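Before any comments, here is the structure.
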Amino acid sequence: MEQFSPPAPLTDSQDEAAIRLLNDLDHWADRCKGHYSTKRTQPRNAFRQRVAVFVPDGYTAFAEKTVRYSFEAWARNLSSGGVSLLYPGQLKFEKAIVCLSPDQEEKRFFYVRTCRNRRVSQDFWEYGMQFEGVVEDGDSPSLD
184 MEQFSPPAPL TDSQDEAAIR LLNDLDHWAD RCKGHYSTKR TQPRNAFRQR
234 VAVFVPDGYT AFAEKTVRYS FEAWARNLSS GGVSLLYPGQ LKFEKAIVCL
284 SPDQEEKRFF YVRTCRNRRV SQDFWEYGMQ FEGVVEDGDS PSLD
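At position 21 of the sequence shown (counting the first as 1) the number is 204 in the working numbering, and the numbers step up by one without a gap.
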């Protein structure tokens with residue numbers, strides 16, 4: 184049986200590496216525009232900031248009392264359908280809650296589902312998170 188350990192907090196050096204990787208990924212995406220067909224139905228918008236991710240204990244309830252663990256990741260881009268996240272390591276969950284504005288007074292929480300993941304460097308993985316709804320104020324997890 185695989186031993187569980189929650190994701191580690193991002194370090195300063197990981198933040199710096201994430202920013203360099205975000206620049207590289209954006210540069211590569213700009214160079215490849217028009218060369219590859221895409222299935223996207225909504226345009227992507229640049230959205231670079233740290234976001235908070237809350238993983239529930241189980242997949243049926245998302246209320247605060249069910250949060251198994253939380254961590255921060257870097258957002259790469261955003262569309263009306265979802266958000267792309269970078270994290271240094273492979274994450275293993277299907278559903279979560281993402282706070283796109285953890286440092287702002289008015290926080291917005293969204294239910295998300297992992298729809299894709301890929302390794303983008305030796306240390307980092309990119310995760311495509313599809314929005315499944317807005318979390319009502321009473322069900323929002325607390326940011327410690």
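We treat Cβ as the ideally placed atom computed from N, Cα and C, and that holds for glycine. Predicted, not measured: the structure shown is a model, and the values here were computed from it.
Of the candidates P239, S284, V250 and S262, the residue whose Cα lies closest to the Cα of A256 is S284. Restricting attention to A235, V234, A258 and P239, the CA atom closest to the CA of L204 is found in A258.
In the three-state scheme derived from DSSP, where H, G and I count as helix and E and B as strand, R291 is classed as coil. Boundaries for K275: no beta strand (DSSP E) harbours it, and the DSSP string shows neither H nor E there. With 16 or more neighbouring CB atoms inside 10 Å of its own CB, C282 falls in the buried class.
The three-state secondary structure of L268, taken from DSSP, is strand.
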